[in-house]
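Take a look at the structure set out below.
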Amino acid sequence: MGMVVLLMGLVFASVYIYRYFFLAQLARDNFFHCGVLYEDSLSSQARTRMELEEDVKIYLEENYERINVPVPQFGGGDPADIIHDFQRGLTAYHDISLDKCYVIELNTTIVLPPRNFWELLMNVKRGTYLPQTYIIQEEMVVTEHVSDKEALGSFIYHLCNGKDTYRLRRRATRRRINKRGAKNCNAIRHFENTFVVETLICGVV
């Protein structure tokens with residue numbers, strides 16, 4: 054009887070240890086501190102190599118991504134928290150410098166789905182794929198104030214609750230940087246694909 058109890062205790066302990074280490078490893082595998090090198094055609098006429106860093110959390114079961122862009126070391130954009138919610142089909146930008154939120158329909162031609170983005174970052178982590186890439190620019194304009202944040206879904210609600218929140222309309226997406234169009238806009242640089250995106254938010258209230 055004592056041997057049976059001992060064996061059962063070892064089985065339960067093994068299950069607990071397996072679950073603990075598996076879940077801890079899974080949590081680590083879904084969190085990435087990333088850096089990417091890219092050619093910046095905005096800073097000068099000559100192409101300049103820049104580096105962008107961001108922290109990425111990918112929630113595969115919930116089907117969304119959360120990205121934190123810290124203060125850039127060499128300028129080029131505002132710090133931001135970004136959520137891509139594939140269930141709702143929405144993207145939210147929290148411009149930390151302005152402490153305002155901006156929401157727009159998710160652009161699936163630019164943003165990789167969580168599983169694809171996770172696979173890309175895992176390959177980078179393993180050293181099998183290290184992109185040196187380019188930058189594209191998308192321009193958006195503020196359209197209206199959002200009063201009902203709960204309608205945006207729980208993930209974006211928790212990001213934007215207590216902050217002035219506005220809807221955006223996409224104006225243009227282009228590979229060539231338009232310097233004149235950027236004068237009255239706030240820029241956020243980020244990546245969730247094999248290239249860097251500069252999101253210009255224009256007509257900021």
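The numbers in the sequence shown follow the numbering used here, run straight up by one, and end at 258. Idealized CB from N, CA, C, for every residue including glycine.
Where do the N-terminal and C-terminal ends of the alpha helix (DSSP H) with Ile261 fall, by residue? An answer regarding residue 261 cannot be provided, because it is not within the stretch 54 to 258 covered by the chain.
Sort out for me which residues DSSP pairs Thr101 with in a bridge. Within the sequence shown, the letter at position 48 stands for residue 101. The partner list for Thr101 (beta bridge, DSSP) reads Asp93.
Which residues DSSP lists as bridging Tyr112, in chain order: Numbered from its first residue, the sequence shown carries residue 112 at position 59. Tyr112 pairs with Tyr117.
Reference Gly130; option with closest CA among Tyr117, Leu159, Asp148: Position 77 of the sequence shown, counted from the first residue, corresponds to residue 130. Ranked by how close their Cα comes to the Cα of Gly130, the residues Tyr117, Leu159, Asp148 have Asp148 in first place.
Boundaries of the beta strand (DSSP E) in which Leu199 is found, first to last residue: One-based indexing of the sequence shown puts residue 199 at position 146. Checking the sequence shown, residue 199 turns out to be Val, not Leu. The continuous stretches of beta strand (DSSP E) do not include Val199, and DSSP gives it neither H nor E.
Determine the extent of the alpha helix (DSSP H) in which Arg7 is found, giving its start and end residues. Because the chain here runs from 54 to 258, residue 7 falls outside it and cannot be looked at.
By the three-class DSSP mapping on this structure, what secondary structure does Phe84 have? Walking along the sequence shown from the start, residue 84 turns up at place 31. Looking at Phe84 - three-state DSSP - the assignment turns out to be strand.
To the nearest angstrom, how far is the alpha carbon of His137 from that of Asn121? Numbered from its first residue, the sequence shown carries residue 137 at position 84. Numbered from its first residue, the sequence shown carries residue 121 at position 68. A straight-line Cα-Cα distance of about 12 Å links His137 and Asn121.
By how many angstroms is the C-alpha of Arg179 removed from the C-alpha of Ile111? Here residue 111 is taken as the residue at index 58 of the sequence shown, counted from 1. Here residue 179 is taken as the residue at index 126 of the sequence shown, counted from 1. Straight-line Cα distance between these residues: approximately 17 Å.
Return the residue from the list Asn169, Asp134, Gly206 that minimises the CA-CA distance to Thr161. On the sequence shown, position 108 is the one that residue 161 refers to. Residue Asn169 is the option with its Cα nearest to Thr161.
Between Tyr210 and Lys216, which are expected to be in contact by the criterion C-beta below 8 Å, what is the C-beta distance as a whole number of angstroms? Numbered from 1 along the sequence shown, position 157 holds the residue referred to as residue 210. Numbered from 1 along the sequence shown, position 163 holds the residue referred to as residue 216. About 11 Å separates the two Cβ atoms, so there is no contact after all.
Going straight from the alpha carbon of Val89 to that of Thr186, what length do you get? As a working note, residue 89 is residue 36 in the sequence shown. As a working note, residue 186 is residue 133 in the sequence shown. Rounded to whole angstroms, Val89 to Thr186 spans 8 Å at the Cα level.
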